[in-house]
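So the sequence shown is numbered by the working numbering: it starts at 514 and just counts up by one. All remarks here apply to the structure that follows.
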Amino acid sequence: MSSSIGARVFRGCRALLAPAATKAKTATVAKPKPKPTPKPKPTPTTSTPRTTAITKPIPVSSALGDFLGSSEASRAEAVKKIWAYIKSHDLQNPSNKREIFCDDKLKTIFAGKDKVGFLEIGKLLSPHFVKTA
C-alpha cells in the first residue's frame, strides 16, 4: 500500500521510487603531495640606516637653540624635547588636552602665542630650522 501512495506522490518517477543503491567503499590510497620548496629569503643588508629629513640634525635658530641647548637638532628631537617640557611643566589644558598653554619660554618659540594647538607645533617650528643648500 505504501508503494501506491509513493507512486501517487511522485507520479511514477522510477528514480525516486527505486531503492537506494549501496556503493561499495573502495580503499584508495591518496598520494602525498610534494611540499613546495621554500623560496630563499633575501638576506638583509647590513648597511647604515638612511637619515631622513625628520631625523637628520640641521642647524636651528638661536631662539630654538637656547630652548634645546644645542645649535643643531633634528625635527623629531626638537618635538620630543618640547613635549617633554610641556608635560613636565603641566602646560596642557586639562579640559582639552589638544591645547597647550604657552609660558614665557615657549612664547619665544611659538611666535608669542598664548595658546597653541598640538597640531600647530610642527608649523610653528618650521621657521626655526635654517635651510641649508
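Think of the CB as a built atom: it goes at the ideal place given N, C-alpha and C, for glycine as much as any other residue. Keep in mind it's a predicted model, so treat the numbers as computed, not measured.
- Here DSSP, grouped into helix, strand and coil, assigns residue 586 to strand.
- Contact check between the region 625 to 645 and the region 566 to 577: three or more CB pairs, one atom from each, fall below 8 Å, which counts as touching.
- Inclusion of residue 612 and residue 628 in the CB contact set at 7 Å is warranted, their separation being smaller than that value.
- Taking the CA atoms as reference points, residue 637 sits about 20 Å from residue 602.
- In the DSSP annotation of this structure, residue 630 is not part of any alpha helix (DSSP H); the continuous beta strand (DSSP E) holding it starts and ends at 628 to 630.
- For residue 580, the secondary structure class from DSSP, reduced to helix, strand or coil, is helix.
- Excluding five sequence positions before and after residue 606, the CB atoms of its chain that fall closer than 6 Å to its own CB belong to 612, given in chain order.
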